[in-house]
Amino acid sequence: MLGSTVIEINGVFLGAAILVSASGTRRFYAAHDSVRALHNELLPDLVALQQRIRQHVRKPGRQMV
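Note that full-length UniProt numbering gives residue 48 to position 48 of the sequence shown, counting from 1, and the numbers run on in steps of one.
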């Protein structure tokens, strides 16, 4: 593991974006039930990962408590 970044929305800790390669690829470690479906998902960079998580959380019926 090269490094990680905390992912949170509105003060709710959702998980960590783990840097897995020097090219910037990130793997998401889900720590909150609202994003469990995204656990271990790989994305090309931190921005793409954050966007993917925001889109997932904004879907109707998803609640972060």
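Here a beta-carbon is modelled for each residue, glycine too, at the ideal position from N, C-alpha and C. The structure presented is a predicted model; accordingly, all values stated were derived computationally and were not measured.
Should residue i be labelled buried (16 or more other beta-carbon atoms within 10 Å of its own) or exposed?
{"i": "valine 35", "result": "buried"}
{"i": "alanine 22", "result": "exposed"}
{"i": "glycine 15", "result": "buried"}
{"i": "histidine 17", "result": "Sequence inspection shows alanine at residue 17; the histidine mentioned does not correspond to that position. Buried."}
Which class does residue i belong to by DSSP, given the choice of helix, strand or coil?
{"i": "alanine 16", "result": "strand"}
{"i": "serine 23", "result": "coil"}
{"i": "alanine 30", "result": "strand"}
Look at the Cβ atom of residue i, then the Cβ atom of residue j, and state whether they are nearer than 8 Å.
{"i": "leucine 42", "j": "arginine 27", "result": "yes"}
{"i": "isoleucine 7", "j": "glutamine 50", "result": "yes"}
{"i": "residue 79", "j": "alanine 48", "result": "Only positions 1 to 65 of the chain appear in this structure, which leaves residue 79 out of reach."}
When you compare each of the options to residue i by their alpha carbons, which one comes out closest?
{"i": "valine 20", "options": "Gln51, Pro44, Gln50, Ala48", "result": "Pro44"}
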